[in-house]
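Residue numbers (the UniProt record's numbering): 1 to 793.
So the structure is just underneath, and the comments pick up after that.
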């Protein structure tokens with residue numbers, strides 16, 4: 001029988017496992033006895049927010065999760081969509097925030113390893129990685145240490161395992177000073193005849209442990225990820241796993257080979273909560289039980305006890321259920337790849353997880369109590385928005401100095417529009433992320449179509465189904481592709497979670513449309529503070545409502561994702577400091593013809609430049625903008641409201657224009673507004689632009705709204721002049737008045753500006769050279785990292 005604790009655990013022991021007193025009482029009630037140490041630890045990790053979503057699950061139910069292309073939705077290791085021609089795409093996003101805050105290199109590296117396992121566990125070969133990163137002020141030495149460590153960890157693991165990192169985003173804001181966000185998304189192309197699911201079945205079927213050895217690294221990682229960070233978090237360094245990308249590479253090949261034999265009934269990655277999670281989830285999903293013997297597990301440390309085995313999050317490990325009699329066939333495959341594979345358990349009829357150790361029962365718990373029938377908290381929503389939001393919404397542009405054609409007065413000094421633009425281009429959030437992506441092997445596998453920095457979304461070729469990964473093919477063999485993006489403007493969500501979350505979905509879809517891809521589906525990563533605090537829960541609930549509406553409006557169902565709560569640190573006085581609410585959306589899109597795509601850079605002098613969406617003559621607010629935050633040091637106002645009808649029409653016109661061959665470049669107008677987008681297109685194409693603004697006399701007083709306002713479903717496109725008549729006729733038919741001709745692309749001459757913006761009466765507003773823009777845009781991050789007074793300790 002199970003060895004039980006002779007006395008109840010103390011409140012301190014219960015809290016150490018991340019459990020509340022009432023949750024412990026519920027455990028005792030369900031077991032009919034007090035748990036032992038191993039069982040308490042199992043409940044601690046499985047009842048953490050990271051594993052059971054006890055605060056967020058009621059909110060996630062509102063997400064749309066079905067559609068004509070959805071093959072696998074939430075609940076499995078990754079979502080899967082049908083992309084036509086017999087192909088299926090698996091994709092998922094996950095976070096590794098707290099481990100990266102404590103140990104940035106290993107935290108980020110194992111985040112990459114974990115998301116890759118989610119993909120190939122389904123039977124898909126990983127083909128691409130993207131990452132969404134958030135850090136504090138880059139002038140802060142601590143931020144520099146975290147930033148450089150995270151980027152090094154991502155590049156190390158991804159480069160070594162041989163999966164290209166093809167895109168992503170990086171934001172910098174003081175709100176993330178103590179709690180960086182490291183969200184990693186992976187895509188994979190199905191290679192197996194059937195999608196591999198995780199529900200165990202078949203009484204008497206063997207349960208195989210495969211992959212690397214088990215050690216004490218990663219102990220209690222799921223609980224660690226579900227608590228606020230503090231100075232004591234440094235004591236949790238053992239909760240950070242250590243990965244080996246070379247073992248993972250072998251594991252990918254061994255798993256895919258094993259799945260193709262048909263001998264595998266079910267498979268589950270040993271991610272958060274390790275053996276505990278994989279055994280209980282496989283059993284619960286299949287409505288069966290699993291008996292598992294820890295003595296069979298290959299270990300790399302001596303003297304481990306059941307608690308350590310069960311809570312270890314050692315990397316590169318998997319759990320299989322095999323057809324009885326075919327286990328040796330699988331063991332041979334893994335041994336050929338230099339990996340461990342042992343029969344360590346059996347599927348049983350009784351729906352429990354029974355753990356054996358040294359001939360005795362070390363733990364025995366109903367599987368559903370661990371993985372399905374977990375605590376659920378439906379918290380009360382604030383009756384009205386919190387005070388910080390109501391105060392922010394009172395902001396008015398009338399509080400800003402009046403604009404002139406020469407510029408705007410900042411702290412008693414006139415700042416020209418040239419200076420404003422160059423300051424924005426020098427802002428790390430807007431500036432080129434080339435310092436980051438130069439460290440990534442973004443061309444391994446040779447399927448990356450547009451390199452990082454060249455477009456609003458990543459584009460990856462799809463290999464013909466009948467070919468092998470290593471087979472060399474002519475470029476014309478690749479006819480279709482997929483596009484992917486990760487997006488979130490956290491300032492928008494902070495100021496208005498509902499509207500901000502809708503804008504996240506809209507921008508993700510817009511970025512896909514800018515490369516000619518049709519948006520298909522979403523995976524999301526909800527990074528928030530504590531849901532136990534009224535403001536934190538309000539932000540989470542309102543953002544989920546906005547995401548749900550956005551995905552419904554744009555027909556992009558949610559296939560799964562990750563929830564990361566309790567992203568808070570404590571200041572010197574012990575007050576919690578939550579991050580900005582950051583619901584990152586990873587979206588995938590289909591490109592039927594790879595010859596009909598485009599990037600964001602101008603292509604040729606003489607091409608005409610158009611603005612799709614709200615024309616510059618339409619009023620647009622500076623609320624929540626990068627301009628307001630950077631130039632005026634003000635985070636206030638409301639983010640732009642999304643007009644979904646306009647979004648759908650603008651994005652369709654953009655996709656149609658690309659596929660018709662009219663549009664030669666396309667770029668979303670986002671942070672920094674239209675002028676920053678113009679500058680980025682100049683820099684990406686190494687060509688200049690001459691723009692003439694047709695704006696009203698009234699707008700001259702608030703020129704900053706015209707130049708740097710954000711929103712309005714806006715996309716900048718360039719079109720060859722020979723197609724002007726056809727193009728403008730098409731625009732008039734499909735967009736009515738929601739477009740504007742802005743100017744022309746031009747070559748760079750010795751006396752010409754890279755970007756010149758004039759009023760309708762030829763007054764110069766902005767005239768900056770390519771060299772000026774390039775120096776600010778491409779050197780912003782490296783200059784800060786190399787500053788001698790800001791060298792990390």
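Don't be surprised by glycine CBs; every beta carbon is placed ideally from N, CA and C.
The structure presented is a predicted model; accordingly, all values stated were derived computationally and were not measured.
Next on the checklist: Can you tell me where the beta strand (DSSP E) holding residue 71 begins and where it ends?
Outcome noted: Walking along the chain shown from the start, residue 71 turns up at place 71. In the DSSP assignment, residue 71 falls within the beta strand (DSSP E) that extends over 70 to 72.
Checklist entry - Using DSSP with H/G/I as helix, E/B as strand and the rest coil, what is residue 667? => result Along the chain shown, one-based indexing puts residue 667 at 667. It is a strand residue.
Checklist entry - What three-state label does DSSP hand residue 19 in the structure shown? => result Position 19 of the chain shown holds residue 19. Residue 19 sits in coil when the DSSP states are folded into three classes, being neither helix nor strand.
Next on the checklist: By the DSSP assignment, the alpha helix (DSSP H) with residue 702 in it spans what residues?
Outcome noted: Residue 702 sits at position 702 when you count from the first residue of the chain shown. Residue 702 -> no alpha helix (DSSP H), and no H or E assigned at all.
Next on the checklist: So residue 319 and residue 207 are supposed to be a Cβ contact under 8 Å. How far apart are they, rounded?
Outcome noted: Residue 319 sits at position 319 when you count from the first residue of the chain shown. Residue 207 sits at position 207 when you count from the first residue of the chain shown. With 8 Å as the limit, residue 319 and residue 207 qualify as a contact, their Cβ atoms being about 7 Å apart.
Item to check | residue 377 - DSSP class collapsed to helix/strand/coil | outcome: As a first step, residue 377 is located in the chain shown; it is residue number 377 there, counting from the start. DSSP places residue 377 in coil when its eight states are reduced to three.
Checklist entry - residue 741 bridges to which residues according to DSSP? => result Locating residue 741 in the chain shown gives position 741, counting from the first residue. Residue 741 pairs with 610.
Checklist entry - Name the DSSP beta bridge partners of residue 562, please? => result Here residue 562 refers to the residue found at position 562 of the chain shown. 525.
Item to check | Contained alpha helix (DSSP H) runs [length at least 4] in the region 261 to 335, N- to C-terminal order | outcome: Fully enclosed alpha helix (DSSP H) runs of no fewer than 4 residues occupy 274 to 286 and 306 to 311 of the region 261 to 335, in order along the chain.
Checklist entry - Are the region 684 to 693 and the region 600 to 607 touching by the rule of at least three beta carbon pairs closer than 8 Å? => result Short answer: they touch.
Checklist entry - Would you report the Cα separation of residue 107 and residue 755, rounded to the nearest angstrom? => result The residue you call residue 107 lines up with position 107 of the chain shown. The residue you call residue 755 lines up with position 755 of the chain shown. C-alpha separation (whole angstroms): 42 Å.
Next on the checklist: Beta-carbon within less than 8 Å of residue 758's beta-carbon, same chain only, minus the 5 sequence neighbours each way: which residues are those?
Outcome noted: For the purposes of this step, residue 758 is taken as residue 758 along the chain shown, with counting starting at 1. Around residue 758, the same chain offers 690, 691, 692, 693, 764 and 765 as residues with beta carbons nearer than 8 Å, after the five sequence neighbours per side are excluded.
Checklist entry - Three-state secondary structure (DSSP) at residue 193? => result Mapped onto the chain shown, residue 193 falls at position 193. Here residue 193 sits in coil by DSSP.
Item to check | Residue from 395, 428, 419 and 745 whose Cα sits closest to the Cα of residue 638 | outcome: The residue given as residue 638 occupies position 638 in the chain shown. Comparing Cα-Cα distances from residue 638 to each of 395, 428, 419 and 745, the minimum goes to 395.
Next on the checklist: Going residue by residue through the region 439 to 524, where are the continuous beta strand (DSSP E) segments of at least 3 residues, counting only ones entirely within it?
Outcome noted: You should have 448 to 450, 458 to 461 and 481 to 487.
Item to check | DSSP-derived helix/strand/coil call for residue 590 | outcome: One-based indexing of the chain shown puts residue 590 at position 590. It is a strand residue.
Next on the checklist: What does the Cβ neighbour count give for residue 617, buried or exposed, with the cut at 16 atoms within 10 Å?
Outcome noted: The residue labelled residue 617 in the question sits at position 617 within the chain shown. Its Cβ having fewer than 16 others within 10 Å, residue 617 is exposed.
Next on the checklist: Quick check on DSSP: helix, strand or coil for residue 433?
Outcome noted: Here residue 433 refers to the residue found at position 433 of the chain shown. DSSP places residue 433 in the coil class of the three-state scheme, outside both helix and strand.
Checklist entry - If you drop the 5 nearest sequence neighbours on each side, which residues of the same chain put their C-beta closer than 7 Å to that of residue 631? => result What you label residue 631 is simply residue 631 of the chain shown in a count that begins at 1. Around residue 631: 410, 420 and 423.
Item to check | Spatially closest choice to residue 705 from 460, 626 and 529, by CA coordinates | outcome: The sequence position of residue 705 within the chain shown is 705, counting from 1. Ranking the options by Cα distance to residue 705, first place goes to 626.
Item to check | Residue from 662, 117, 614 and 562 with nearest C-alpha to residue 251 | outcome: Translated into positions along the chain shown, residue 251 becomes position 251. Taking each of 662, 117, 614 and 562 in turn and checking the Cα distance to residue 251, the smallest one comes out for 117.
Checklist entry - Quick one: what does DSSP say residue 45 is sitting in, helix, strand or coil? => result Numbered from its first residue, the chain shown carries residue 45 at position 45. In the three-state scheme derived from DSSP, where H, G and I count as helix and E and B as strand, residue 45 is classed as helix.
Checklist entry - For the candidate residues 213, 100, 88 and 654, whose alpha-carbon lies nearest to that of residue 301? => result If you number the chain shown from 1, residue 301 lands on position 301. Checking every option, the nearest Cα to that of residue 301 belongs to 213.
Checklist entry - How about residue 594 and residue 479: do their beta carbons lie closer than 8 Å? => result Numbered from its first residue, the chain shown carries residue 594 at position 594. Numbered from its first residue, the chain shown carries residue 479 at position 479. With a cutoff of 8 Å on beta-carbon distance, residue 594 and residue 479 are scored as near each other.
Item to check | Assumed close pair residue 493, residue 557 - CB separation to whole angstroms, cut-off 8 Å | outcome: To locate residue 493, count along the chain shown from 1; it is residue 493. To locate residue 557, count along the chain shown from 1; it is residue 557. 21 Å between Cβ atoms; not a contact.
Checklist entry - My guess is that residue 166 and residue 405 are in contact by the Cβ rule of under 8 Å, so how many angstroms apart are they, rounded? => result The sequence position of residue 166 within the chain shown is 166, counting from 1. The sequence position of residue 405 within the chain shown is 405, counting from 1. Taking a contact as a CB-CB distance under 8 Å, the pair residue 166 and residue 405 does not count as one, their CB atoms being some 42 Å apart.
Checklist entry - Using the rule of at least 16 other Cβ atoms within 10 Å of the residue's Cβ for burial, across every protein chain shown, is residue 810 buried or exposed? => result The requested residue 810 does not occur in the structure, where the chain is confined to residues 1 to 793.
Next on the checklist: Can you tell me whether residue 54 is buried or exposed? The criterion is at least 16 other CB atoms within 10 Å of its CB, across all chains shown.
Outcome noted: For the purposes of this step, residue 54 is taken as the residue at position 54 of the chain shown. Around the C-beta of residue 54, 16 or more other C-beta atoms lie within 10 Å, and the residue is accordingly described as buried.
Checklist entry - If you count every other CB in all the chains shown that lies within 10 Å of the CB of residue 536, and 16 or more means buried, which is it? => result By one-based count along the chain shown, residue 536 stands at place 536. Result: buried.
Item to check | Residue environment, residue 7, which counts as buried when at least 16 other CB atoms sit within 10 Å | outcome: Indexing the chain shown from 1 puts residue 7 at position 7. By the beta-carbon neighbour count (other beta carbons within 10 angstroms, threshold 16), residue 7 is exposed.
Checklist entry - In its own chain, which residues sit with a C-beta less than 6 Å from the C-beta of residue 334, not counting the 5 before and 5 after it? => result Counted from its first residue, the chain shown places residue 334 at position 334. For residue 334, where only same-chain residues beyond five positions count, the Cβ hits under 6 Å are 210, 254 and 341.
Item to check | Neighbourhood of residue 563 by C-beta distance below 6 Å, restricted to the same chain and skipping five residues each side | outcome: Locating residue 563 in the chain shown gives position 563, where the first residue counts as 1. So the list reads 53, 56 and 526, once near-sequence residues are dropped.
Item to check | Which residues DSSP lists as bridging residue 421, in chain order | outcome: Translated into the one-based positions of the chain shown, residue 421 becomes position 421. BP columns for residue 421 are empty, so no partner.
Checklist entry - Which residues in the same chain as residue 304 place their Cβ atom closer than 6 Å to its Cβ, once the five residues preceding and following it in sequence are excluded? => result On the chain shown, position 304 is the one that residue 304 refers to. For residue 304, where only same-chain residues beyond five positions count, there are no Cβ hits under 6 Å.
Item to check | Contact belief for residue 510 with residue 715 at Cβ below 8 Å, rounded distance in angstroms | outcome: As a first step, residue 510 must be located in the chain shown, where it is residue number 510. As a first step, residue 715 must be located in the chain shown, where it is residue number 715. In this structure, residue 510 and residue 715 form a Cβ contact; the two beta carbons are roughly 7 Å apart against a cut-off of 8 Å.
Item to check | First and last residue of the uninterrupted beta strand (DSSP E) at residue 79 | outcome: On the chain shown, residue 79 is found 79 positions in, with the first residue counted as 1. 79 to 84 is the extent of the beta strand (DSSP E) around residue 79.
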